[in-house]
Ligand SMILES: [Zn+2]
Ligand SMILES: [Zn+2]
């Protein structure tokens, strides 16, 4: 039976700089309707069995880590590069500094693959006006491995949308895809802050401001809280969910979302068909994007079909669904140029 599982790909706990213990983090995510969590503490070996003594039923715990290094970017700033290894268990010690970011990114990706983990390149726009942004396609175009890329990282430093000087991460994704790279997009919480007055229960700022007058502004600005960005992963069984989740992530059988859900999504040889769940009376818009993010078709409504025409702009096609309340779902690119579709060390 095919179904989608809701999961959080990038989370910190007391094993590094997160507020909640691994068990508490899982309980909070389960209470928010999630089916699985990936633990990605900084520079940590985190075999799940060692940390989770009483696993909850109907919830999947997956090991992982976030490793990173520094390099001098185009602005001669110290820029941070972080990569999550999803499913990682091991004793890897990456370089702390690098002269050539793309080489070190490739080295970490190779190491993750060697250990059976799935690499995710995190928050390329990390930083801000003071330090400059960290890195972009300039470095990533030299990385010849497939990987996941955080299109949206809900933290204080993600700068996902870019600004007048820096492109959005979604644009960086399209540049990579247009250059033949196999990159699947994610949305993550990069959770560090779990406690306080549970800001994640209500998304509306005014609802929580009374309860949390002093901290709310600061913490909402900063993000890093549960329940903002997630993935919906397609599985076809109730058994061995951990392996099934990892294998679907590897195949691109998932979408990234901050609150918009698919009722139906089907890719066939000649078409892509999608139905998006209506929410709170908000209108949905479905956009089919091709090479360099070019909109190939825009449909206002809950359902749409895109029939392939064979145009060169269909080098890849990906679906983006948005609604009037700012909710968004990003589906993975369908490749029409015969490139590798799997996140494996090819
Ligand atoms: Zn990071
Ligand atoms: Zn992180």
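Numbering (our numbering), first residue to last: 58 to 403.
Just so you know, even glycine gets a beta-carbon here, dropped at the ideal spot from N, CA and C.
Given the structure is predicted, the values throughout are model-derived calculations rather than measurements.
Closest by C-alpha distance to residue i, when choosing among the options
i           : options               : result
residue 304 : 242, 363, 143 and 85  : 143
residue 384 : 209, 365 and 292      : 209
residue 175 : 241, 113 and 128      : 241
residue 286 : 311, 299, 246 and 293 : 246
residue 367 : 75, 392, 63 and 138   : 392
residue 117 : 124, 313, 125 and 106 : 106
residue 213 : 369, 228, 99 and 281  : 281
residue 109 : 131, 82 and 88        : 82
residue 363 : 300, 354 and 234      : 354
residue 119 : 211, 345, 92 and 399  : 92
residue 88  : 102, 73 and 115       : 115
residue 150 : 307, 129 and 101      : 101
residue 183 : 170, 220, 161 and 169 : 220
Residues near residue i in its chain [Cβ-Cβ closer than 8 Å; skip 5 each side]
i           : result
residue 341 : 317, 333, 335, 357, 358, 359, 378, 379 and 380
residue 237 : 394 and 396
residue 295 : 58
residue 271 : Residue placement at residue 271 cannot be trusted, given a pLDDT of 44 that sits under 50; the coordinates are not used to answer.
residue 72  : 79, 96, 98, 101, 103 and 108
residue 307 : 175, 399, 400 and 401
Nearest-angstrom Cβ-Cβ length linking residue i and residue j, presumed shorter than 8 Å
i           : j           : result
residue 421 : residue 206 : Since the first and last residues shown for the chain are 58 and 403, residue 421 lies out of range.
residue 329 : residue 374 : 6 Å
residue 140 : residue 95  : Incorrect: roughly 13 Å between the Cβ atoms, too far for contact.
residue 194 : residue 77  : Not quite, the Cβ-Cβ distance comes to about 35 Å (not below 8 Å), so this is no contact.
residue 63  : residue 289 : 6 Å
Cβ pair residue i, residue j closer than 7 Å
i           : j           : result
residue 239 : residue 181 : no
residue 159 : residue 111 : no
residue 167 : residue 126 : no
residue 365 : residue 327 : yes
residue 75  : residue 249 : yes
residue 148 : residue 191 : no
residue 80  : residue 99  : no
residue 347 : residue 370 : yes
residue 145 : residue 172 : yes
residue 234 : residue 390 : yes
residue 319 : residue 343 : no
residue 163 : residue 200 : yes
Residues near residue i in its chain [Cβ-Cβ closer than 6 Å; skip 5 each side]
i           : result
residue 322 : 331
residue 382 : 339
residue 227 : 208
residue 225 : 218 and 219
residue 25  : This structure does not reach residue 25, given that the chain is present from 58 up to 403, and the question cannot be answered.
Local Cβ density within 10 Å of residue i, reported as buried at 16 or more and exposed below that
i           : result
residue 273 : Note that residue 273 has pLDDT 45, beneath the 50 cutoff, so the model's placement of it is unreliable and the number below is only indicative. Buried, because 16 or more other Cβ atoms sit within 10 Å of the Cβ of residue 273.
residue 90  : exposed
residue 222 : exposed
residue 131 : exposed
residue 399 : exposed
residue 113 : exposed
residue 325 : exposed
residue 215 : buried
residue 263 : Per-residue confidence for residue 263 stands at a pLDDT of 43, beneath the threshold of 50, marking its modelled position as unreliable; no derived number is given.
residue 128 : buried
residue 218 : exposed
residue 301 : buried
residue 405 : The question about residue 405 has no answer, for the chain in this structure spans 58 to 403.
residue 157 : exposed
residue 68  : buried
Residues near residue i by beta carbon distance below 7 Å, same chain, minus five either side
i           : result
residue 388 : 312, 322, 375 and 376
residue 260 : Because residue 260 sits at a pLDDT of 42, beneath the cut-off of 50, its placement in the model cannot be relied upon, and the point is left open.
residue 315 : 209, 244, 285, 286, 384 and 385
residue 291 : 59, 61, 305, 310 and 311
residue 104 : 120 and 146
residue 70  : 77, 78, 79, 82, 96 and 98
residue 230 : 206, 208, 240 and 242
residue 86  : 65, 94 and 283
residue 258 : In this predicted model, residue 258 has a pLDDT of only 41, less than 50, meaning its place in the structure is not dependable enough to derive any value.
Cβ-heavy atom distance, residue i to ligand 3, below 6 Å
i           : result
residue 207 : Ligand 3 is absent from the structure shown, which contains only ligand 1 and ligand 2.
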